[in-house]
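Take a look at the structure set out below.
Numbering (this note's numbering), first residue to last: 11 to 243.
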């Protein structure tokens, strides 16, 4: 199977300006994802999709393939990630004459995801038979213990399960962590999304699942890197 990885890294970021190039463990943030993609055994090719020349140059220096700059129309705050992926697929096909069987979204904001996480997720499709797969991590706050507010009144989000008083009494719940999203190309083409009817999950640990959206997430990632003695080189 031809498996295309797409590292999405637009220049604009309001929550944490310039986050894709912020230093982490001795390299720009995007370098962690580039290294994981390069070490993957399941990815046929990986493109970095960015509108920012500085990100493109940094990615190339780190060994990534950046064959195009993303059009400005696909680099807005409200741009569809699925249109970005379709654009990368079209570029890949135009350059190679091949159509990918599986498309994999890799976001630099989950830097501690590894090649093993990427490959394990892809194999849920190529070996496991799913039409889509994504990485998840255990949800520390079980949904059964969450509320909605009506005025200032708290009401259980799942009233039929409100009797489950301890997390240990409920079945484990998992949340997407942003590490890896993968789908057969026809799912992306026909549905405009990366979740098909047969969606599989690859479980990642908490430390590898940090998703950098703002300053506190960045600080957490730095703390994990320092604590575990990790390096992005």
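For every residue, glycine included, the Cβ atom is placed at its ideal position computed from N, Cα and C.
If you're wondering where the values come from, they're calculated on a predicted model, not measured in any experiment.
Element boundaries [alpha helix (DSSP H), containing residue i]
{"i": "residue 92", "result": "91-106"}
{"i": "residue 52", "result": "No alpha helix (DSSP H) holds residue 52; DSSP gives it neither H nor E."}
{"i": "residue 225", "result": "225-238"}
{"i": "residue 130", "result": "125-136"}
Chain B contact for residue i (CB, 8 angstroms cutoff)
{"i": "residue 114", "result": "Of the chains in the structure shown, none is chain B; there is only one protein chain."}
Spatial neighbours of residue i in its chain, beta-carbon cut-off 6 angstroms, leaving aside the 5 residues before and after
{"i": "residue 108", "result": "12"}
{"i": "residue 129", "result": "50, 51 and 52"}
{"i": "residue 163", "result": "none"}
{"i": "residue 131", "result": "143, 145, 190, 192 and 212"}
{"i": "residue 9", "result": "In the structure as shown, the chain begins at 11 and stops at 243. Residue 9 is therefore absent and cannot be evaluated."}
CB of residue i within 8 angstroms of CB of residue j, strictly
{"i": "residue 102", "j": "residue 198", "result": "no"}
{"i": "residue 34", "j": "residue 232", "result": "yes"}
{"i": "residue 127", "j": "residue 36", "result": "no"}
{"i": "residue 110", "j": "residue 99", "result": "yes"}
Residue i burial status per 10 Å Cβ neighbour count (16 or more: buried)
{"i": "residue 57", "result": "buried"}
{"i": "residue 106", "result": "exposed"}
{"i": "residue 184", "result": "exposed"}
7 angstroms CB neighbourhood of residue i in its chain, flanking five on each side removed
{"i": "residue 207", "result": "141"}
{"i": "residue 84", "result": "93, 94 and 97"}
{"i": "residue 187", "result": "120, 145, 146, 147, 214, 219 and 221"}
{"i": "residue 70", "result": "76"}
Residues near residue i by beta carbon distance below 8 angstroms, same chain, minus five either side
{"i": "residue 23", "result": "29 and 30"}
Extent of the continuous beta strand (DSSP E) run through residue i
{"i": "residue 165", "result": "163-166"}
Three-pair Cβ contact test at 8 angstroms for the segment 31-50 versus the segment 58-77: yes
Does the segment 16-27 come close enough to the segment 100-120 to have 3 or more Cβ pairs within less than 8 angstroms? yes
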